[in-house]
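Each remark here refers to the structure printed beneath this line.
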Amino acid sequence: MNKQQAADRISKLRDLINDYRYHYHVLDESTMSEAAADSLKHELSQLETEYPDLITADSPSQRVAGALTESFTSVQHSSRMLSLNDVFDQAEVSAWRDRITKLLPPDTKIEYFADIKMDGLACALIYEDGLLVRGITRGDGYAGEDVTANIRTIDSIPLHLRSTSQYKQFLTGRTEVRGEIVMYKQDFDNLNAERLKQGKSLFANPRNTAAGTIRQLDPQLVASRKLYFRAYDLLRDQPRDVPTNAFAYQALRDLGFLSNPDAKVLHSVEDIMQYVNTWEVKRQDLPFNTDGLVVKVNDREQYANLGVAGKAPRAAIAYKYAAEQATTKVKDIFVSIGRTGAATPVAMLEAVLIAGSTVQMATLHNESEVLRKDIRVGDTVIVHKAGDIIPEVVEPLVTLRDGSEKPFKMPTNCPECNTKLVKYKLEDVVWRCPNESCPSRAWKRIEHFASKSALDIEGLGEKNVIALIDSGLVSDQADIYTLTADKVINLDRFAEVSANKLVKSIQSKTKPTLARFIYGLGIRHIGTQTAIDLSKAFRTIEDISTATINMLSDVDGVGDIVAESVVEWFAEPRNQKLLAKFKDLGVWPQPVKSVGGKLAGMKFVVTGSLESMDRESAAEKIRALGGDFQSSLGKDTTYLVVGQNDGASKLTKAAAYGTKQLTETEFLELLA
Ligand code: IVH
Numbered sequence: 241m242n243k244q245q246a247a248d249r250i251s252k253l254r255d256l257i258n259d260y261r262y263h264y265h266v267l268d269e270s271t272m273s274e275a276a277a278d279s280l281k282h283e284l285s286q287l288e289t290e291y292p293d294l295i296t297a298d299s300p301s302q303r304v305a306g307a308l309t310e311s312f313t314s315v316q317h318s319s320r321m322l323s324l325n326d327v328f329d330q331a332e333v334s335a336w337r338d339r340i341t342k343l344l345p346p347d348t349k350i351e352y353f354a355d356i357k358m359d360g361l362a363c364a365l366i367y368e369d370g371l372l373v374r375g376i377t378r379g380d381g382y383a384g385e386d387v388t389a390n391i392r393t394i395d396s397i398p399l400h401l402r403s404t405s406q407y408k409q410f411l412t413g414r415t416e417v418r419g420e421i422v423m424y425k426q427d428f429d430n431l432n433a434e435r436l437k438q439g440k441s442l443f444a445n446p447r448n449t450a451a452g453t454i455r456q457l458d459p460q461l462v463a464s465r466k467l468y469f470r471a472y473d474l475l476r477d478q479p480r481d482v483p484t485n486a487f488a489y490q491a492l493r494d495l496g497f498l499s500n501p502d503a504k505v506l507h508s509v510e511d512i513m514q515y516v517n518t519w520e521v522k523r524q525d526l527p528f529n530t531d532g533l534v535v536k537v538n539d540r541e542q543y544a545n546l547g548v549a550g551k552a553p554r555a556a557i558a559y560k561y562a563a564e565q566a567t568t569k570v571k572d573i574f575v576s577i578g579r580t581g582a583a584t585p586v587a588m589l590e591a592v593l594i595a596g597s598t599v600q601m602a603t604l605h606n607e608s609e610v611l612r613k614d615i616r617v618g619d620t621v622i623v624h625k626a627g628d629i630i631p632e633v634v635e636p637l638v639t640l641r642d643g644s645e646k647p648f649k650m651p652t653n654c655p656e657c658n659t660k661l662v663k664y665k666l667e668d669v670v671w672r673c674p675n676e677s678c679p680s681r682a683w684k685r686i687e688h689f690a691s692k693s694a695l696d697i698e699g700l701g702e703k704n705v706i707a708l709i710d711s712g713l714v715s716d717q718a719d720i721y722t723l724t725a726d727k728v729i730n731l732d733r734f735a736e737v738s739a740n741k742l743v744k745s746i747q748s749k750t751k752p753t754l755a756r757f758i759y760g761l762g763i764r765h766i767g768t769q770t771a772i773d774l775s776k777a778f779r780t781i782e783d784i785s786t787a788t789i790n791m792l793s794d795v796d797g798v799g800d801i802v803a804e805s806v807v808e809w810f811a812e813p814r815n816q817k818l819l820a821k822f823k824d825l826g827v828w829p830q831p832v833k834s835v836g837g838k839l840a841g842m843k844f845v846v847t848g849s850l851e852s853m854d855r856e857s858a859a860e861k862i863r864a865l866g867g868d869f870q871s872s873l874g875k876d877t878t879y880l881v882v883g884q885n886d887g888a889s890k891l892t893k894a895a896a897y898g899t900k901q902l903t904e905t906e907f908l909e910l911l912a
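Heads up, the sequence shown is in my numbering, so the first residue is 241 and it goes up one at a time.
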């Protein structure tokens with residue numbers, strides 16, 4: 241082969257290999273097997289060894305130049321690489337549309353262009369007459385680092401713009417392509433698995449790994465880590481060369497770049513929200529991590545005219561999906577005393593945005609949890625937040641420790657009143673402050689009483705309750721009903737309108753439902769459902785307050801622990817006083833009306849076993865007909881149903897009270 245023939249062959253091989261690369265990376269299809277492509281690359285490099293002067297900068301053999309970079313030089317960007325402002329919901333998208341609509345000439349029709357926001361690092365590629373001459377990291381936006389040798393190793397970056405492109409104009413002069421360098425999730429997992437085998441430290445996430453890789457001084461190492469470049473912007477000295485963002489994406493693909501095929505032109509906020517919803521789930525299936533969408537004005541002249549505010553273009557936004565998890569640092573761990581005296585360790589965090597709201601605190605549940613998860617002050621932790629649930633710390637990232645972290649030690653005394661913390665039972669995980677008048681419990685009890693699921697009183701959130709307690713106006717839940725607008729208005733936090741509103745809201749809640757009231761009392765273990773169950777079974781607060789453990793635990797959904805807790809609560813003189821105070825103030829729960837069945841107002845006790853049904857079914861039948869099923873006999877019991885092997889004590893009591901007795905047959909007749 242003479243030199244001319246070699247030159248011909250080299251040029252053809254180059255084109256064929258580049259074509260293979262283009263189809264593989266951009267069109268996601270294969271023109272030949274990887275082995276065949278490798279074989280062509282091998283032939284090319286042999287010819288190039290023979291004729292070194294035929295090597296061109298854009299030859300596939302030149303991806304790994306081999307030379308170690310000494311350090312990176314700083315290079316100015318042709319135009320600033322900007323950031324984006326975040327939005328989190330439809331209202332914010334609409335607000336953005338309204339803002340830009342006002343800034344554009346009247347009646348301008350705005351088209352939008354939306355794409356997935358990739359979680360990687362931004363990079364600018366400069367092509368001169370079609371040839372890749374430089375790759376620059378984002379840096380501070382004005383200037384970045386020259387990482388040309390490293391980015392050349394990335395297969396999805398064309399070393400030469402496709403000469404067969406329909407967009408030939410971009411092959412002359414300066415063309416800049418901006419995009420994101422990402423590591424795919426699968427490649428990241430493989431890399432970490434490999435490192436684990438080799439006993440090396442693990443990388444935290446694909447983005448940091450990609451960023452760290454690009455800043456390596458050894459291009460060989462960069463070449464060994466799989467990275468991808470996905471383009472999102474095309475810049476020319478003459479902005480008119482690129483009329484729209486949709487045009488830019490088409491041209492980029494044809495010039496040989498990988499750009500998201502799902503990017504789309506949209507026409508309204510509704511369209512945008514539909515795109516948002518589609519990708520909320522589908523994005524999990526993408527090979528790379530995403531943290532939202534980018535929505536921009538499609539027309540580039542409009543885009544440019546809208547200008548820049550701060551660090552971000554006015555014409556584009558990042559729509560962020562509510563991330564349910566984030567990492568942050570534990571600044572401190574303190575112990576909070578809850579309504580029931582429970583001492584809960586709480587992590588004070590460096591503020592972090594999760595699911596659209598700033599999180600600064602997260603529950604650590606209890607001492608055992610903190611020790612089990614080994615969460616220390618100074619740790620970087622994963623914080624989880626779902627819906628309205630209180631954020632919690634999932635786990636510490638132990639590999640990020642530097643030795644300065646401090647293990648947690650549960651205090652022995654209440655941080656509020658210094659009473660020694662206790663465990664009611666040996667197996668309890670929760671330490672409690674046994675001091676019923678511990679100041680930290682008063683405001684939590686009141687806040688709970690007023691909360692949405694309880695009495696639902698507006699304006700009694702944490703800060704207002706604390707202000708009311710501090711001023712001496714209230715010290716327990718009943719006291720709030722003594723508040724008048726005149727009294728409240730004197731507090732810093734209130735003005736005439738808010739004071740009136742608060743008092744009105746309190747006074748509208750003097751006849752709560754029994755379930756809300758019971759829940760609002762804050763009895764340990766009584767959640768909203770148990771409160772409903774109790775209220776249905778007993779119908780009045782008087783009956784709940786005098787019920788025995790047996791009677792209580794007969795109710796569906798009420799176990800011994802709950803039953804004990806209820807009895808304990810009502811036995812406490814302090815709570816009796818509270819109830820008396822409520823009554824004096826005219827605040828009392830509405831009795832639950834019986835459904836008006838034929839047994840309405842009648843109370844039954846069953847002694848001994850019935851032949852036709854068990855106790856549970858008897859209770860159900862009585863309740864279904866509007867009667868009450870009691871588990872022990874009282875003065876108010878209407879009927880004692882006497883079965884086999886009846887209990888003597890109940891019969892004696894019934895005789896003493898003059899309670900009517902029913903045989904099983906009589907009872908069945910009554911039910912019929
Ligand atoms: S358009 C003003 N499109 O997000 C920059 N950016 O927060 C507008 N990014 O620095 C760029 N995916 O690195 C655009 N599909 C995408 C993107 C994307 C990720 C990054 C980009 C930029 C940052 C802005």
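Don't be surprised by glycine CBs; every beta carbon is placed ideally from N, CA and C. Computed from a predicted structure; not experimentally measured.
Distance between beta carbons of residue 324 and residue 630, contact taken as under 8 Å: Along the sequence shown, read from residue 1 onward, the residue named residue 630 stands at position 390. Along the sequence shown, read from residue 1 onward, the residue named residue 324 stands at position 84. Contact between residue 630 and residue 324 is ruled out by a C-beta separation of about 30 Å, above the 8 Å threshold.
When 845, 723, 868 and 731 are compared against residue 825, the one with the closest alpha-carbon: Counting from one through the sequence shown, the residue named residue 825 turns up at place 585. Of 845, 723, 868 and 731, the residue nearest in Cα terms is 723.
beta-carbon residue 358 near the ligand IVH non-hydrogen atom, thresh 6 Å: For the purposes of this step, residue 358 is taken as residue 118 along the sequence shown, with counting starting at 1. In this structure, the C-beta of residue 358 approaches the ligand IVH to less than 6 Å from one of its heavy atoms.
Other residues of its chain near residue 311: CB distance less than 8 Å, five sequence neighbours each side excluded: Position 71 of the sequence shown, counted from the first residue, corresponds to residue 311. So the qualifying residues of the chain are 457.
Sub-7 Å separation of residue 540 and residue 546 beta-carbons: Position 300 of the sequence shown holds residue 540. Position 306 of the sequence shown holds residue 546. Cβ atoms of residue 540 and residue 546: not closer than 7 Å.
Residue 461 beta carbon less than 7 Å from that of residue 450: As a first step, residue 450 must be located in the sequence shown, where it is residue number 210. As a first step, residue 461 must be located in the sequence shown, where it is residue number 221. For the pair residue 450 and residue 461, the CB atoms are not nearer than the 7 Å cut-off.
Strand pairing of residue 575, partner residues [DSSP]: Against the sequence shown, residue 575 aligns to sequence position 335. Answer is 585, bridged to residue 575.
Whole-number beta carbon distance between residue 599 and residue 571, since they are thought to touch under 8 Å: In the sequence shown, the residue the question calls residue 571 occupies position 331. In the sequence shown, the residue the question calls residue 599 occupies position 359. No, residue 571 and residue 599 are not in contact; Cβ-Cβ is about 12 Å, not under 8 Å.
Distance, residue 805 Cα to residue 750 Cα: Residue mapping note: residue 750 aligns to position 510 of the sequence shown, counting from 1. Residue mapping note: residue 805 aligns to position 565 of the sequence shown, counting from 1. Taking the straight line from one Cα to the other gives about 25 Å.
Residue 242, DSSP secondary structure in three states: Residue 242 sits at position 2 when you count from the first residue of the sequence shown. Three-state result, residue 242: coil.
Residue ranges of each alpha helix (DSSP H) within the region 655-739, 4 or longer: Unbroken alpha helix (DSSP H) runs of no fewer than 4 residues, entirely contained in the region 655-739, are found at 679-690, 702-710 and 725-729, following chain order.
Nearest neighbour of residue 869, chosen from 875, 859, 878 and 876 [CA to CA]: The sequence position of residue 869 within the sequence shown is 629, counting from 1. Ranking 875, 859, 878 and 876 by Cα distance to residue 869 puts 859 first.
Entirely enclosed alpha helix (DSSP H) segments - the region 872-898, minimum 4 residues: Unbroken alpha helix (DSSP H) stretches of 4 residues or longer found wholly inside the region 872-898: 888-897, given in chain order.
Span of the alpha helix (DSSP H) around residue 860: For the purposes of this step, residue 860 is taken as the residue at position 620 of the sequence shown. Where residue 860 is concerned, the enclosing alpha helix (DSSP H) starts and stops at 855-864.
Cβ-heavy atom distance, residue 355 to the ligand IVH, below 6 Å: Locating residue 355 in the sequence shown gives position 115, counting from the first residue. Answer for residue 355: yes, Cβ within range of the ligand IVH.
Cβ neighbour criterion (16 or more within 10 Å) applied to residue 243: On the sequence shown, position 3 is the one that residue 243 refers to. Residue 243 counts as exposed, since fewer than 16 other C-beta atoms from the protein chains shown sit within 10 angstroms of its C-beta.
Segment contact, 8 Å Cβ cut-off, at least three pairs: the region 676-684 with the region 610-626: No, they do not touch.
C-alpha distance - residue 302 paired with residue 514, whole-angstrom precision: Position 62 of the sequence shown holds residue 302. Position 274 of the sequence shown holds residue 514. For residue 302 and residue 514, the distance between alpha carbons rounds to 44 Å.
Cutoff 7 Å; reference residue 245; Cβ partners in own chain excluding five residues on either side: If you number the sequence shown from 1, residue 245 lands on position 5. Here the set comprises nothing.
Beta-carbon gap between residue 635 and residue 622 smaller than 7 Å: Within the sequence shown, residue 635 is the residue found at index 395, counting from 1. Within the sequence shown, residue 622 is the residue found at index 382, counting from 1. Cβ distance < 7 Å, so residue 635 and residue 622 count as in contact.
Contiguous beta strand (DSSP E) assignments of at least 3 residues, all confined to the region 289-376: For the region 289-376, whole beta strand (DSSP E) runs of length 3 or above, ordered along the chain, are 314-316, 325-327, 352-358 and 361-368.
Helix, strand or coil at residue 830 [DSSP, three-state]: Numbered from 1 along the sequence shown, position 590 holds the residue referred to as residue 830. The three-state secondary structure of residue 830, taken from DSSP, is strand.
First and last residue of the uninterrupted beta strand (DSSP E) at residue 636: Residue mapping note: residue 636 aligns to position 396 of the sequence shown, counting from 1. Annotation: the continuous beta strand (DSSP E) that includes residue 636 extends over 632-636.
Closer than 6 Å: residue 323 CB and nearest the ligand IVH heavy atom: As a first step, residue 323 must be located in the sequence shown, where it is residue number 83. At least one heavy atom of the ligand IVH is nearer than 6 Å to the Cβ of residue 323, so yes.
Collapsed DSSP secondary structure at residue 468 in the structure displayed: Reading the sequence shown from its first residue, position 228 is the one you call residue 468. Residue 468: strand per DSSP, three-state reduction.
Beta-carbon gap between residue 410 and residue 495 smaller than 7 Å: What you label residue 410 is simply residue 170 of the sequence shown in a count that begins at 1. What you label residue 495 is simply residue 255 of the sequence shown in a count that begins at 1. Residue 495 is positioned such that its CB atom lies closer than 7 Å to that of residue 410.
Range of the contiguous beta strand (DSSP E) that encloses residue 533: Residue numbering aside, residue 533 sits at position 293 when the sequence shown is read from its first letter. Annotation for residue 533: the continuous beta strand (DSSP E) segment containing it runs 530-537.
N-terminal and C-terminal residue of the beta strand (DSSP E) that residue 556 is part of: Taking the first residue of the sequence shown as position 1, residue 556 is located at position 316. Per DSSP, residue 556 belongs to the beta strand (DSSP E) from 556-560.
C-alpha gap between residue 574 and residue 587, whole angstroms: Mapped onto the sequence shown, residue 574 falls at position 334. Mapped onto the sequence shown, residue 587 falls at position 347. Using only the alpha carbons, I get a separation of about 7 Å.
Residue 501 CB to nearest heavy atom of the ligand IVH below 6 Å: One-based indexing of the sequence shown puts residue 501 at position 261. No, since every heavy atom of the ligand IVH falls outside the 6 Å radius drawn around the Cβ of residue 501.
The beta strand (DSSP E) enclosing residue 383, as first and last residue numbers: Walking along the sequence shown from the start, residue 383 turns up at place 143. Segment 383-385, the beta strand (DSSP E) holding residue 383.
Straight-line Cα distance separating residue 439 from residue 947: Nothing about residue 947 can be reported from this structure: the residues present for the chain run from 241 to 912 only.
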